[in-house]
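Asker: Mind looking over this structure? Questions follow.
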Amino acid sequence: MKIIRSIFLACCACAAVTFTSCIGNDEPTVLTKEQKAAAFQQIKGNYTGKLVYKNPTSTTASKLDSVDVKWEMLTDSTMRINNFPTAPLVKNITNKEISAALATLPPQALNCMIDIRKSDPLLFTVNPKPLEYNTTYEGKAHHLKILFYINISGSFGGYIPAKKRIQIQIVIASVFVDGKPKPELIKGYIPVVLDGKREK
53 MKIIRSIFLA CCACAAVTFT SCIGNDEPTV LTKEQKAAAF QQIKGNYTGK
103 LVYKNPTSTT ASKLDSVDVK WEMLTDSTMR INNFPTAPLV KNITNKEISA
153 ALATLPPQAL NCMIDIRKSD PLLFTVNPKP LEYNTTYEGK AHHLKILFYI
203 NISGSFGGYI PAKKRIQIQI VIASVFVDGK PKPELIKGYI PVVLDGKREK
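When you read off a place in the sequence shown, starting at 1, and then add 52, the result is the number in our numbering.
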């Protein structure tokens, strides 16, 4: 758990650096199409690692938990988490009936748009698309849509070439139930961190 906590804190700290480097400059450098393509060659491929999330019910001091995940860097503008689990939602949604319903559902693919902002160090923004679930609770069928924050400094990724390692942070934003926003279901800032290495 100490390792999980260090990963989580390192990624959160890196967010401030990313914000300053990529967004905070008065005249930020925009990579050319060719530069982005070259940078993508460093990160393309399949990755295996951990998805770390806040678990308020954990008995550990860090209040963090993790599950194994796989993801793919598909193009210089897209990536996909192949098996995004419901666990981060189950542990952070305040409605017990919805949490229990989500706990019975399998992982889903989570597609994300990325934008490579710097090549040295290699940094990119991450904009996840919504996750959607059809489930039943309180005796009725319901449609749930999970939205993530997009275009914020806290939703980003970075690559360490020497270790072929990527760290990515995305942030759960809100829940819609049957097409209606339910802001009361999520409280606070809920980051989710991926940390892993490229498969050989």
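The beta-carbon is built from N, C-alpha and C at its ideal position, and this holds for glycine as well.
Given the structure is predicted, the values throughout are model-derived calculations rather than measurements.
1) Smallest Cα separation from Tyr-201: which of Pro-182, Val-82, Val-119 and Leu-237?
2) Where does the unbroken alpha helix (DSSP H) through Pro-140 begin, and where does it stop?
3) Let's test the definition: count the other Cβ atoms within 10 Å of the Cβ of Asp-117 and tell me whether it reaches 16, buried, or not, exposed.
4) By DSSP, does Pro-213 sit in helix, in strand, or in coil?
5) In chain order, which alpha helix (DSSP H) runs of at least 4 residues are fully inside the stretch 103-185?
6) Please state the DSSP three-state secondary structure of Lys-88.
7) Alpha carbon to alpha carbon, what distance is there between Ala-153 and Gly-191?
8) Determine the closest residue to Ile-238 out of Gly-209, Phe-228 and Ile-166, with distance taken between C-alpha atoms.
9) Assuming contact is defined by CB atoms lying nearer than 8 Å, are Phe-92 and Thr-130 in contact in what I supplied?
10) Please list, in chain order, all residues of the same chain as Lys-96 whose beta carbon is under 6 Å from its beta carbon, the five residues on each side excluded.
Answerer: The structure says:
1) The residue given as residue 201 occupies position 149 in the sequence shown. Checked all of Pro-182, Val-82, Val-119 and Leu-237; the closest Cα to Tyr-201 is Pro-182.
2) Position 88 of the sequence shown holds residue 140. Element bounds for Pro-140: 139-142.
3) The sequence position of residue 117 within the sequence shown is 65, counting from 1. So Asp-117 ends up on the buried side.
4) Translated into the one-based positions of the sequence shown, residue 213 becomes position 161. Looking at Pro-213 - three-state DSSP - the assignment turns out to be helix.
5) Taken in chain order, the whole alpha helix (DSSP H) runs of length 4 or more contained in the stretch 103-185 are 139-142 and 148-155.
6) Here residue 88 corresponds to residue number 36 of the sequence shown, with the count starting at 1. Shown here, Lys-88 sits in a helix according to DSSP, grouped into three states.
7) On the sequence shown, position 139 is the one that residue 191 refers to. On the sequence shown, position 101 is the one that residue 153 refers to. C-alpha separation (whole angstroms): 11 Å.
8) Stepping through the sequence shown from its first residue, residue 238 is reached at position 186. Measuring from the Cα of Ile-238, the nearest candidate turns out to be Phe-228.
9) Taking the first residue of the sequence shown as 1, we reach residue 92 at position 40. Taking the first residue of the sequence shown as 1, we reach residue 130 at position 78. Taking 8 Å as the Cβ cut-off, Phe-92 and Thr-130 do not qualify as a contacting pair.
10) Looking up residue 96 in the sequence shown gives position 44. Counting only Cβ-Cβ distances below 6 Å, and skipping sequence neighbours, we find Met-125.
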